[in-house]
Amino acid sequence: MISIDAAIPSGRITVRNASDASDIQLDVPKDPESNFLGWYHFRASGVRGRKCRFRLMNAGESRAVRLANREGIEDRWTHTGPLASYDLVNWFRINATFDGTTFDFEHEPAFDVCYYAAFAPFPPERDQRLIAGALASPLARLETIGHSLQARPIDLLTMGAPTPEKKQCWIIARQHPSETQAGFFIEGLIERLLNAQDAVARALLEQAVFYIVPNMNPDGSANGFSRTTSTGVNLNREWASPSDERSPEVVAVQDAMRRIGLDFCIDCHADPELRCNFVWPSQNVPTWNADRQRVFEYFEDAWHAASPDYGLGEVYPGGVPQEADLSMAWNWIGNAFPHALSVLLEQPFKDTRYTPVPATGWTPQRASRFGAAFLDGLHGVIDHLRKQ
Ligand SMILES: [Zn+2]
Numbered sequence: 010m011i012s013i014d015a016a017i018p019s020g021r022i023t024v025r026n027a028s029d030a031s032d033i034q035l036d037v038p039k040d041p042e043s044n045f046l047g048w049y050h051f052r053a054s055g056v057r058g059r060k061c062r063f064r065l066m067n068a069g070e071s072r073a074v075r076l077a078n079r080e081g082i083e084d085r086w087t088h089t090g091p092l093a094s095y096d097l098v099n100w101f102r103i104n105a106t107f108d109g110t111t112f113d114f115e116h117e118p119a120f121d122v123c124y125y126a127a128f129a130p131f132p133p134e135r136d137q138r139l140i141a142g143a144l145a146s147p148l149a150r151l152e153t154i155g156h157s158l159q160a161r162p163i164d165l166l167t168m169g170a171p172t173p174e175k176k177q178c179w180i181i182a183r184q185h186p187s188e189t190q191a192g193f194f195i196e197g198l199i200e201r202l203l204n205a206q207d208a209v210a211r212a213l214l215e216q217a218v219f220y221i222v223p224n225m226n227p228d229g230s231a232n233g234f235s236r237t238t239s240t241g242v243n244l245n246r247e248w249a250s251p252s253d254e255r256s257p258e259v260v261a262v263q264d265a266m267r268r269i270g271l272d273f274c275i276d277c278h279a280d281p282e283l284r285c286n287f288v289w290p291s292q293n294v295p296t297w298n299a300d301r302q303r304v305f306e307y308f309e310d311a312w313h314a315a316s317p318d319y320g321l322g323e324v325y326p327g328g329v330p331q332e333a334d335l336s337m338a339w340n341w342i343g344n345a346f347p348h349a350l351s352v353l354l355e356q357p358f359k360d361t362r363y364t365p366v367p368a369t370g371w372t373p374q375r376a377s378r379f380g381a382a383f384l385d386g387l388h389g390v391i392d393h394l395r396k397q
C-alpha cells in the first residue's frame, strides 16, 4: 500500500487521493491565516519499482499571491521540478510540468521510501547540528536572544572575539522558512570561516566579528510553512514596528543589533521564480549615497570574481521601488545604521540562467559553496566598511 506522509520534520502536504500509484492527487496547504502557498515536503512509502504520478492539484493558486511587478517573470512551477531523495542527504532533480493549475511529475522510486520537496529541507535538527558544529570551535559563542511565539529559541552565533576596531558583520537567515537555501549557505560559510588553513577566513576574523542568526523563524521551519510564522505573520514585513505579540523574533534581532552595532548585514532569502543569485543594497533609504553605492559595487565584484554563480547586472524585478519599504529587514537595517552596507540576498530554487546545471538545477551543495564564496566578497570590501 502506498502512503503519503507529511508528519515528518518540515513536512507539508495534504492528500486528496493516494489509492492509485498512477494518479496520486495532493494539495499544497496554505500558510496559517494566509494565502501563501509554495512549500511542500512529503514522504512516499510502498513505492519501490512502481511508476508513480504525483499531481499537486492546487499549485496554480499560488499565482494569486505573487509579489508585485512579476508579470514578465516565469511562475514558480514552470521549467523546474521537485528535489527528491531516498536518504535525506543526497537530493536529485525530477522533471515536472505545470499547466497553469496542476504541478505534475512522475517517478519510479528505486526504494520503498522516497522524499519529495520544493527544495532540500533544512529541518530543525539540522539547525541544532549547525550550531553544535560551530560551537566546536573556541572562536564561537552562542546567545539565545529571544523566543518565537511557540517558544523556540532565537539563537545568535558570534564568531570571533569582539574588539572596538573589528567590523561587525551580521548574517541573518530564514525569515521565510521555506527558503532553506539560506541554511545551506550559512553551513558553507561557517565551515570555511572555521578552517584555519583558509587565508581569507583568517584575515576576516582578524578584522571582523560575525554575528549569525541562522534561523529567524524556527516555528515556520518546524511546521513546514512557506513564508509565515505559526500565526501567519510574514516577519519580513514587520521590521518597521515589530511587537512581542506578533513578531518577537524581529524584536530580539533588532535589540541585539542596536546593542552590538552593525557595519554589514546580509539577509538571506531564496526566490522560487528568479533564475539568478540576486543581491540588492538598501539603495532607496534616505541616507544612501555614492560612497555606499561604491562599497556595494566592490562587494559585488569580489563575490562575482570568487563565484560565477553570482551574476553581475541582475536588476530588481519590475524596477527598484522609489521609496524604501522599511518594514523589510534590509531597508530597515540600512536606514537604522546609516554607515553600514545592508543587502538582500535571493538564491534560486530553480537554477541560475548564466551558470546552469541542467541535471540538478540549484542544489544544497551549490548553496553551500556559494556561502563559502560570499566570504571572498566580504573580504573584498571589509577595509571599506564603516568609512563611508
Ligand atoms: Zn524570502
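In short: position in the sequence shown from 1, add 9, done, that's our numbering. C-beta: ideal position from N, C-alpha, C; glycine also. From a predicted model like this one, the values you see are computed outputs, not experimental measurements.
Every alpha helix (DSSP H) of 4 residues or more that sits fully in the stretch 93-151 is shown, in chain order, as 133-144.
Under DSSP, Q177 forms a beta bridge with V218.
By the Cβ-count criterion, F379 is buried, with 16 or more other Cβ atoms from all chains shown falling within 10 Å of its own Cβ. Using a 10 angstroms sphere on the CB of P118, the tally of other CB atoms reaches 16 or more, which defines it as buried. In the DSSP assignment, E355 falls within the beta strand (DSSP E) that extends over 350-357.
With a cut-off of 7 Å, the C-beta of N245 is classified as near ligand 1, since at least one heavy atom of the ligand falls inside that distance. Look at E188: its beta carbon is less than 7 Å from one of the heavy atoms in ligand 1. Assignment of Q34 by DSSP, reduced to helix, strand and coil, places it in the strand class. Collapsing the DSSP output to three states places F45 in coil.
Counting along the chain, the unbroken beta strand (DSSP E) around V24 starts and ends at 23-26. Burial check for N224: the Cβ neighbour count within 10 Å reaches 16 or more, so the residue is buried. If you ignore the 5 residues before and after R59, its C-beta comes within less than 8 Å of the C-beta of I11, A30, E117, P118, all in its own chain and listed in chain order.
Taken through DSSP and simplified to helix, strand or coil, P186 comes out as coil. Note on geometry: alpha-carbon atoms of T87 and E174 lie some 49 Å from one another.
In the DSSP annotation of this structure, L76 is not part of any beta strand (DSSP E), being labelled neither H nor E. The stretch 234-260 is shown to contain no whole alpha helix (DSSP H) run of 4 or more residues.
The Cβ atoms of K176 and A217 sit closer than 8 Å to each other. A68 sits close to T111, with the two beta carbons spaced by under 8 Å. Within 7 Å of the C-beta of Q184 there is at least one heavy atom belonging to ligand 1. In chain order, R284, V366, G370, W371 place their CB closer than 7 Å to the CB of D360, counting only its own chain and leaving out the 5 sequence neighbours on each side.
About 16 Å separates the beta carbon of L354 from that of V304, a gap too long to meet the 8 Å contact definition.
Distances between the C-beta of H278 and the heavy atoms of ligand 1 include at least one below 7 Å.
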